[in-house]
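Here the sequence shown is numbered in this note's numbering, starting from 404 and rising by one per residue. In this text, a Cβ means the ideal position worked out from N, Cα and C, and glycines have one as well. Quick caveat, the model's predicted, so the values are computed rather than measured. What follows is a short report on a single structure.
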Amino acid sequence: MMVQAQVKCPHELFQSPIRWNTRGGLSMTGEFSGIAVPVLSMFDESFKINKDAQELLVKHVINNGANVLFLNGSTGEGQFLQEHHPHERVTLIQATRAAISSMNDSTPVIFGLYGESRDEVVTQYEFILDAIDDAGKTAKVDGFVIAPPLTRKMNMDELESYFRSIISQVREPVFLYNNPSKFGRNNIPVSMLDDLLSHFDHLKGFKDSSPSIEYKMEAIKVILNKDCVNFYTGKEGDFFNCLTGTTVEQAKRIGCIPSIGNVLNLPSKIWNSSLKGKEAFARDLQEQLNGIRNKIYHEASKPGKAQRGGKIAFSILYRSRVPRYHPVVSPEYEMKLEKTTIDGIRTNLELALQEGFMQLVP
Numbered sequence: 404m405m406v407q408a409q410v411k412c413p414h415e416l417f418q419s420p421i422r423w424n425t426r427g428g429l430s431m432t433g434e435f436s437g438i439a440v441p442v443l444s445m446f447d448e449s450f451k452i453n454k455d456a457q458e459l460l461v462k463h464v465i466n467n468g469a470n471v472l473f474l475n476g477s478t479g480e481g482q483f484l485q486e487h488h489p490h491e492r493v494t495l496i497q498a499t500r501a502a503i504s505s506m507n508d509s510t511p512v513i514f515g516l517y518g519e520s521r522d523e524v525v526t527q528y529e530f531i532l533d534a535i536d537d538a539g540k541t542a543k544v545d546g547f548v549i550a551p552p553l554t555r556k557m558n559m560d561e562l563e564s565y566f567r568s569i570i571s572q573v574r575e576p577v578f579l580y581n582n583p584s585k586f587g588r589n590n591i592p593v594s595m596l597d598d599l600l601s602h603f604d605h606l607k608g609f610k611d612s613s614p615s616i617e618y619k620m621e622a623i624k625v626i627l628n629k630d631c632v633n634f635y636t637g638k639e640g641d642f643f644n645c646l647t648g649t650t651v652e653q654a655k656r657i658g659c660i661p662s663i664g665n666v667l668n669l670p671s672k673i674w675n676s677s678l679k680g681k682e683a684f685a686r687d688l689q690e691q692l693n694g695i696r697n698k699i700y701h702e703a704s705k706p707g708k709a710q711r712g713g714k715i716a717f718s719i720l721y722r723s724r725v726p727r728y729h730p731v732v733s734p735e736y737e738m739k740l741e742k743t744t745i746d747g748i749r750t751n752l753e754l755a756l757q758e759g760f761m762q763l764v765p
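This is the structure in structure tokens:
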């Protein structure tokens with residue numbers, strides 16, 4: 404099923420005379436600090452990347468505060484692309500770079516790799532490097548995100564050996580991704596994270612999407628004791644909790660990888676408010692984010708809510724710019740789309756724009 408919605412929305416409702424960009428706050432930890440938005444992959448009906456839609460989405464994401472662009476992540480249906488349409492990943496990178504270039508921007512790009520074994524992940528890494536070389540200047544990746552095996556449960560020694568053998572093969576900056584529910588029930592122990600950070604200077608970040616705030620706090624404690632490493636919560640609803648009680652310098656190294664960053668600028672506002680020491684304001688922004696995000700996502704209790712909702716939102720916001728684009732998600736996320744659902748998302752997008760939670764690309 405294609406999540407295809409013929410959505411009519413008066414584009415003038417969403418016009419903004421100001422191009423507002425919330426990017427900023429980069430610290431000595433380097434170019435990867437802050438809000439790393441897991442960019443949606445904008446498919447056409449054949450699951451090829453719709454270049455026009457992808458470029459416009461990337462511009463929207465940067466315009467709404469992204470400090471880093473995370474391609475081929477779970478939100479970007481990266482596992483589906485890697486398995487079924489591997490060459491489209493290069494088109495995804497090229498469209499992203501074209502958007503960045505057109506904005507005279509320098510937002511870094513990181514890229515997700517997946518596999519059941521060290522050899523499979525390294526093979527994917529080499530495939531992407533070769534494809535980038537073939538594409539020339541139109542494609543470039545600044546770092547790679549590595550997760551545990553997709554389905555294979557490992558003991559601790561196996562898991563550490565898996566990471567060590569992969570990280571040692573990757574020349575670019577590496578970011579680890581912890582999400583036991585998505586990756587074989589493998590949870591990366593904080594002690595293992597500490598060991599890996601001590602051993603690899605090019606291990607630059609750690610994303611945690613587990614449900615435990617206690618685990619996040621332990622990981623943050625380890626990371627803040629290292630140099631030039633960033634933590635990212637993959638749970639946008641608990642971003643403020645991760646920042647609570649930190650100094651401004653520490654907050655620079657505590658970021659978020661928010662799916663809602665494909666639509667809204669609230670995660671960026673939360674982070675930038677924390678960098679200014681405005682804790683109460685950041686808390687209020689978090690409450691507003693938690694109040695609206697599941698009203699933009701589609702069927703929030705079902706897998707694929709961010710993919711469906713984000714693509715529906717894009718089709719509403721930019722219908723006049725990419726009239727041939729229709730929301731398409733991978734088969735595992737397909738659901739019937741009702742007109743009342745579209746109307747509800749449209750209403751909340753109007754509210755978000757009025758409140759300054761989003762700015763459109765001019």
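- Just so you know, the alpha carbons of isoleucine 616 and asparagine 590 end up roughly 14 Å apart.
- Distances from the CA of arginine 749 to each of Ile719, Asn466, Val625 were compared; the closest alpha carbon is that of Ile719.
- Within the same chain, Val732, Tyr736 come within 6 Å of glutamine 710 by CB-CB distance, once the 5 residues on both sides are set aside.
- Every beta strand (DSSP E) stretch that sits fully inside the stretch 449–497 and reaches 3 residues is listed by chain position as 471–474.
- Contact between lysine 607 and cysteine 631 holds, since their C-beta atoms are separated by about 7 Å, short of 8 Å.
- The Cβ neighbour count for methionine 559, taken over all protein chains shown within 10 Å, is under 16; the residue is labelled exposed.
- In this structure, Ser584 is the residue among Leu579, Ser584, Gln482, Pro734 with its C-alpha nearest to the C-alpha of serine 613.
- Going by C-alpha positions, leucine 474 is about 10 Å away from alanine 439.
- Selection Asn581, Leu459, Gly437 evaluated against serine 444 yields Leu459 as nearest (Cα-Cα).
- Close CB contacts of lysine 698 within its chain, under the 6 Å cut and outside five residues either way in sequence, are with Asn751 (chain order).
- Within a 10 Å sphere around the beta-carbon of lysine 638 sit 16 or more other beta-carbons, which makes this residue buried.
- As summarised for the stretch 482–570, the continuous alpha helix (DSSP H) elements at least 4 residues long and confined to that stretch are 491–505, 521–538, 559–570, given in chain order.
- Beta-bridge partners of valine 440 (DSSP): Leu472.
- Taken through DSSP and simplified to helix, strand or coil, threonine 650 comes out as coil.
- Cβ atoms of tyrosine 580 and alanine 550 come within 8 Å of each other, at about 4 Å.
- Judged by DSSP secondary structure, isoleucine 699 falls within the alpha helix (DSSP H) whose first and last residues are 682–699.
- Beta bridge pairing from DSSP links isoleucine 745 with no other residue.
- About 5 Å separates the beta carbon of isoleucine 496 from that of alanine 542, a gap short enough to meet the 8 Å contact definition.
- A distance below 7 Å between beta-carbons, with the five flanking residues on each side excluded, links leucine 688 to the following residues of its chain, in chain order: Leu669, Lys672, Ile673, Ser676.
- Nearest Cα to isoleucine 569 within the set Glu652, Pro592, Asn582, Leu599: Leu599.
- For tyrosine 580, DSSP records a beta bridge to Lys610.
- In this structure, the CA atom of arginine 521 is about 6 Å from the CA atom of tyrosine 565.
- Rounded to the nearest angstrom, the Cβ distance from glycine 437 to glycine 658 is 5 Å, consistent with a contact under 8 Å.
- Straight across, the Cα-Cα distance linking threonine 743 with proline 706 is about 20 Å.
- In this structure, tyrosine 517 sits near leucine 553, with a CB-CB distance shorter than 9 Å.
- The three-state secondary structure of phenylalanine 642, taken from DSSP, is helix.
- For isoleucine 663, same chain residues with a beta-carbon under 6 Å away, outside a window of 5 residues either side, are Glu639, Arg696 in chain order.
- In the displayed model, isoleucine 660 falls within coil according to three-state DSSP, outside both helix and strand.
- Under the three-state reduction of DSSP output, asparagine 589 falls in the coil class, being neither helix nor strand.
- Assignment of phenylalanine 634 by DSSP, reduced to helix, strand and coil, places it in the strand class.
- Measuring C-alpha to C-alpha distances from glutamate 702 to each of Glu741, Lys619, Ala538, Phe684 identifies Glu741 as the nearest.
- The closest CA to that of leucine 754, considering only Lys708, Lys624, Val666, Val544, is found on Val666.
- In this chain, the alpha helix (DSSP H) harbouring glutamine 710 covers 708–720.
- Valine 461 and valine 442 do touch by the CB rule: their CB atoms are close to 6 Å apart, below 8 Å.
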